[in-house]
Structures are given as structure tokens and as C-alpha cells.
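See below for the structure under consideration.
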Amino acid sequence: MKDNPIIVGLDIGTTKITTVIGEVGDDGSVDIIGEGSVPSEGMKRGAVVNLERATGAIRQSVQAAERVSGVRVASVFVSVAGNHVKAITSHGLAAIRRHQEIAQADVDRAIENARAVPLDPNLEIIHTLPQEYVVDGQEGIKSAVGMHGVRLEVDVHIVAGTAGPLLNLRRCVQEAGLKVEGFVLQALASGLATLEAAEQSQTVVVIDMGGGTTDVGVFKRGNLAHSACIPIGGDHVTADLAQILKLPHEEAENVKRRYGAAVPELADPDLTLEITTSNGSTHAISAFELSRIIKPRLTEIFGMVRDEIDQALGPVELVAQSVVLTGGASLLRGIPELARDRFRLPVRVGRPRGIGGLTDIVNGPAHAGGVGLVLYGIGQDGKVPVSVFRPEEPATPPPPAPQPQAAAKSGPEPKKEPGTVTVVTPAPGQPAPKKERPKDGASLKDRVRGFFKDWM
Ligand SMILES: Nc1ncnc2c1ncn2[C@@H]1O[C@H](COP(=O)(O)OP(=O)(O)OP(=O)(O)O)[C@@H](O)[C@H]1O
Ligand SMILES: [Mg+2]
């Protein structure tokens, strides 16, 4: 029996490290046969800050995926993101001799000329991604080889990383006993995993909202044309809640996931939580107020995404047709609505698509990066492999309806330990519980307001 090629993605995030093992069929289709996720360690905003801990977590993640698949992993495609990654789009030109067809050598020359931009010597090129070609002013040419013309032009998106952080990442992976098959920009991987066939002919903004970073990729007709990494993510929302509600990080995370909403209008109007703060005092907060703490941070993130695209390409609503949100933080209730409002474009939550095998395990937005690394590994040209658009493939199932917050009302027995949260929504007809004022005399609302004021 012949062994099919195995491709492994290692998505080193700030929240989790995920290994995804893909098996490539004879027809180019991909089955996911292994997955292993562990909490991230030794990483901060896309960069290694503790080699030993990061290596240990990588090892654990890979071993978990190996156990599921029964396959031994030797080499991996590794995601990169963070402030140390720089991306520019550069223009390349090649003159074509009279009466000659454009040859591959001419295309290579145009790309090479685009690459010949002065880059900081400390940068190592990760991707050279040609966009569409222009022949004698005729735009939108996917493959120029064989055409006639005298002037061949191409825009090339160049992604480069600072040598030091890349070396650290490589060292951790190697220490874990693995070979780095290639580095892949997080935004590129997420786009490869989530873009639908119809979106391959449009300009789409893919926003991977992770824990510590938000990665942005603008895909023009399937090509990554612009990318950026914003060093703020879902964990900052959790940190805001922890600070304002005086809760430990894990409890704030729990509150965010279960009761949070990005838009106050979408919060459960009947839900009130009783917070027992870390120092033992209690106060009540409605789901509406909760979401008023959450919204500014997300608005800030979307504002930064907007500014980034506006500056590089022009007003986002004019340059793009739609927005795809992915990454774990895109699971928050009301995020698509907030993004729709900010970008004035249709928005959907993108989940990995075009794969078979363990789809139930890797079909959430948080797995877009890991699955995208495997899809990148098939083609390695930065484009979605054609084989993953199978005509018989069923349409992406609609995302599961958000859990009604009311369901939480009949949750586990309320605990009143310091740093905990209890649902105190009254039964219909019952008076609302009396809100206890915090000891310092200022109402929670005032403190929330004060917090916002500091930001303005
Ligand atoms: N159901 C949920 N509702 C709201 N937020 C969620 C939910 N599930 C996960 N998150 C948030 O998603 C974030 C983690 O996302 P993800 O797993 O994509 O990050 P990562 O890839 O480890 O990080 P990064 O890409 O920034 O390096 C966390 O901030 C977490 O709070
Ligand atoms: Mg991620």
C-alpha cells in the first residue's frame, strides 16, 4: 500500500499552539488525520520570549497530533505573525524583445526586479507573492507566459521577518526535533483556509482575530495583496474585563465567552451577573453594561484595521467587496454586526473549508491558521490549491447559532468565592436584585465611564 504525502501545520499562537496533520489524496484533496492543541507558552505577540517553554509546548502539541494520527511528524510549516513581520508591495518590470512570446524567464525577471527593493539587511524574506500581470497596459492577466507584448509588469507582495525572532522560532521547532519546512504568514494561512470559491474573484479582507494579535490579509482575486499584523487581540478584551470587574483572568475569560457581546444592543436585556471581586466585595452588572466594556476594545481593533487598509489601498468599502472574520476571537456574539457597522461591507465568520477527515475537530475559526498551513503546504505558491474546491463539496454549514445567554441562567450552582460570577437574573415578575455599591462610593457605571475617559 502506498503512503500518501503528509503535510503538517504548526500554528504557534499567543493563546494556543496547534498542530494539524493533513494527508493529501491522489486527486489533491486533503484529509485532516491529526490535531493537537495545547495552551501556548513562551510566546508574546507572535515572538518567542522563553525558548525552553515554547519548545516544550510545541513538543506537546505535535505529540498530541501524532497520537491521534498514528503518524510520526518530521517536518512542519510554521506560522509567523507579530510586529517583527514587515510586508510591502513592490512593482517589477521586464521588457520583452520584439516579436517574442513572454517566457518564464521574463516573468522571473519581472518578479526579481520587484524583489530588488532596498530591504533592511536584518530582514529575511518569507514570501514573494506575485499578483496578476499587466502586459502592455492590459491588466488582470493570471499567467503571462506565451502572450505577446513588449512590456511585462507585476506587483509582488513581499513579506519579510526580522532575522532574530525567526531564528528563535526555528530554534524552538528544531529543539522539538522537527525540521522547518517553511514559514508562512498567519494572515495568508487563514485566508487559504477560509476563502470560498466565489471570493476568489473578489477583493476580500480576511481578519484573523487571535488572542494576542489580529492578522489582516487583503486578498485580491485569490492573491494576498496586502497584509498587516495588529498587536491587539481577544485577550485584551479579557484583560479589560478582568481589570474593570476586578476578576481573575480565567473568570473574566469565562464571562466574556458566555455572556459577552460586541454590541450592547445584542446583549441579553434580562441578564444580570453578580460579581464577587478578587477582594471579596460584590457588585451587579447587566449584560448590557458588560458589552459596553467589551465594545471599545473591538472598535479600536477594527479602527486600526481600517486605518491600515485606508492608508495602503484606499477606503476599505471602496477597495473590498466583503470581510471574512476568523480566529478564536471572532466567536464572540455580535462581532460580525460590529464589523459590518465599522467596515460598511458584508461580513461573515470564516471557518476552515475544503478539507475532509477530522472536520468536526478543526472546523472552528480558531483552526483557520493551522488548516491554512496544511493547504499552503500543498501548493506552496500562496494560492488556494484548486483541488480543495471540489464541486461535490457541500456548502459551508452555517455557523452554529449562538448559545442563548438565557441558557446560562439555569447553569451550575452559584459560587460566591472571591473572583467569581453568579447569574442573578430574576424570574419574570420578580423585582431585580438590589445592586450593591462598591465600597469606594463610585458606582460601577462611573468607574466604567472613568475607564473610557482615560482612553479618549
Ligand atoms: N467562544 C468564544 N467567544 C469569545 N471569544 C473566544 C471564544 N473562544 C475563543 N475566544 C477568544 O479567542 C482568542 C484566541 O483565539 P485563537 O485561538 O485564534 O488565538 P491564537 O491563534 O492562539 O493567537 P494569535 O493568533 O493572536 O497568536 C482568545 O482571546 C479567546 O478569548
Ligand atoms: Mg492565531
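Note that the sequence shown covers residues 282 to 737 in the working numbering. Ideal placement from N, C-alpha and C gives every residue a C-beta, glycine not left out.
* To do: From the DSSP output, read off the bridge partner residues of Pro-270.
  => Any question about residue 270 goes unanswered here, given that the chain covers just 282 to 737.
Of the listed residues Arg-379, Thr-607, Lys-460, nearest to Ile-339 (C-alpha basis):
Lys-460
- Task: Using a threshold of 8 Å, state whether the C-beta atoms of Gly-637 and Asp-312 are closer than that.
- Result: yes
inquiry  = Given the structure, does Asp-588 come close to ligand 1, in the sense that its CB is under 7 Å from one of the ligand's heavy atoms?
reply    = no
Q) Is the stretch 507-522 in contact with the stretch 624-640, if contact means three or more CB pairs nearer than 8 Å? A) no
Given Ile-383 as reference, the closest of Gly-427, Ala-565, Gln-344, Val-605 once Cα atoms are compared: Gly-427
Over what stretch of residues does the alpha helix (DSSP H) that includes Ser-350 continue unbroken? 332-350
Checklist entry - When the Cα atoms are used, what is the spatial distance from Ala-620 to Lys-325? => result 26 Å
Between Gln-481 and Val-605, is the Cβ-Cβ spacing less than 8 Å?
-> no
Task: Contact the stretch 522-529 vs the stretch 654-668: 3+ CB pairs below 8 Å - done: no
Worksheet item: Pro-683 to Leu-554, Cα distance in whole Å?
Response: Note that Pro-683 scores a pLDDT of 48, beneath 50, so its modelled location is shaky and nothing firm can be said.
* **Counterpart residues of Leu-554 in DSSP-defined beta bridges** => Ile-566, Val-704
If you reduce the DSSP assignment to three classes, tell me which class Asp-255 lands in.
No answer is possible for residue 255: it lies beyond the span of the chain, which begins at 282 and ends at 737.
inquiry  = Is the separation between the beta-carbon of Gly-323 and that of Ala-345 shorter than 8 Å?
reply    = no
### Task
Give me the Cα-Cα distance between Ala-647 and Ile-293, rounded to the nearest whole angstrom.
12 Å
- Query: Got a sec: does ligand 2 put a non-hydrogen atom nearer than 7 Å to the Cβ of Asp-549?
  - Reply: no
Quick check on the burial criterion: 16 or more other C-beta atoms within 10 angstroms. Buried or exposed for Pro-399? exposed
Q. Between the stretch 449-459 and the stretch 380-397, do three or more beta carbon pairs fall short of 8 Å?
A. no
_C-beta neighbour in chain B for Ile-377, strict 8 Å_ = Any reference to chain B falls outside this structure, which holds one protein chain only.
| Contiguous beta strand (DSSP E) assignments of at least 3 residues, all confined to the stretch 350-411 | 356-361, 366-376
Query - By C-beta, the residues closer than 5 Å to any heavy atom of ligand 1, given in chain order - result: Gly-294, Thr-295, Thr-296, Lys-297, Gly-491, Gly-492, Gly-493, Thr-494, Gly-514, Gly-515, Asp-516, Arg-538, Gly-608, Gly-609, Ala-610, Leu-612, Leu-613, Ala-647
#### Entry: Terminal residues of the beta strand (DSSP E) in which Arg-629 lies
628-630
Margin query: Assuming Thr-640 is part of the beta strand (DSSP E), what are its boundary residues?
Written below: From DSSP, Thr-640 is part of no beta strand (DSSP E) but of the alpha helix (DSSP H) over 640-643.
Beta-bridge partners of Leu-606, as assigned by DSSP:
Ile-488, Val-630
Worksheet item: So, helix, strand or coil for Ile-616, using DSSP?
Response: helix
Query raised in the report: Can you give, in chain order, each stretch of the beta strand (DSSP E) that sits fully within the stretch 450-516 and has at least 3 residues?
Result: 460-466, 484-490, 495-501, 504-511
query: Terminal residues of the continuous beta strand (DSSP E) containing Gly-303?
result: 297-305
Residue(s) in a DSSP beta bridge with Thr-443 = Leu-404
Roughly how many angstroms lie between the CA atoms of Tyr-414 and Val-628, to the nearest whole one?
-> 29 Å
**Asked** Taking the continuous alpha helix (DSSP H) assigned at Leu-656, which residues delimit it?
**Response** 649-660
Quiz item: So the alpha helix (DSSP H) Leu-599 belongs to, where does it begin and stop?
Solution: 597-600
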